[in-house]
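Below: one structure, written as structure tokens.
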Amino acid sequence: MSTNRQNISSGSPREPVLGYSRAVRVGNLVFVAGTTSGGIGEDAESQTREIFTRISKALEQAGASYEDVVRTRVYLTHLARDFDAVGAVHGEIFGEIRPVTATIGVSELASPDVLVEVEVDAVLA
């Protein structure tokens, strides 16, 4: 493994079993894995708020912040129903930052109660 690479863990027992990191920093690039609410929140808006709390912690561990985010990807199991609510939370966080983004409808995520998954990429100046 490159000495220029920093693997960041959330402490989830699933990470070593499944062979992934919550985030990886390589040089000035930070990639945060698809993040869910871990079962916290009954609707897409509350799940999204929890997800961005988790993403913020991962970015901070990598020496980054929301201001460094250049791309987001949002996966929704109910695109038409939840797009506006999730988009509003995204807008609260990234309204002035304005990263490129994609919102993708998917048939299912890790479990039936997971409505939203988000991943982000950041570049440190």
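958 is the number of the first residue of the sequence shown in the numbering used here; add one for each residue after it.
Note that beta-carbon positions come from the ideal geometry of N, C-alpha and C, so glycine has one too.
When DSSP labels each residue in this structure, what does tyrosine 1032 get in the three-state scheme?
strand
Can you list, in chain order, the residues of its chain whose CB lies under 7 angstroms from that of proline 1056, leaving out five sequence neighbours each side?
Val1026, Val1027, Arg1028, Thr1029
Would you check if there are 3 or more beta carbon pairs closer than 8 angstroms linking the stretch 1061 to 1079 to the stretch 983 to 991?
yes
Can you say whether valine 974 is buried or exposed, counting buried as having 16 or more other CB atoms within 10 angstroms of its CB?
exposed
Helix, strand or coil at glutamate 1076 [DSSP, three-state]:
strand
Considering only the alpha carbon of each residue, which of His1035, Ser967, Asn961, Arg1038 lies closest to glutamine 1018?
Ser967
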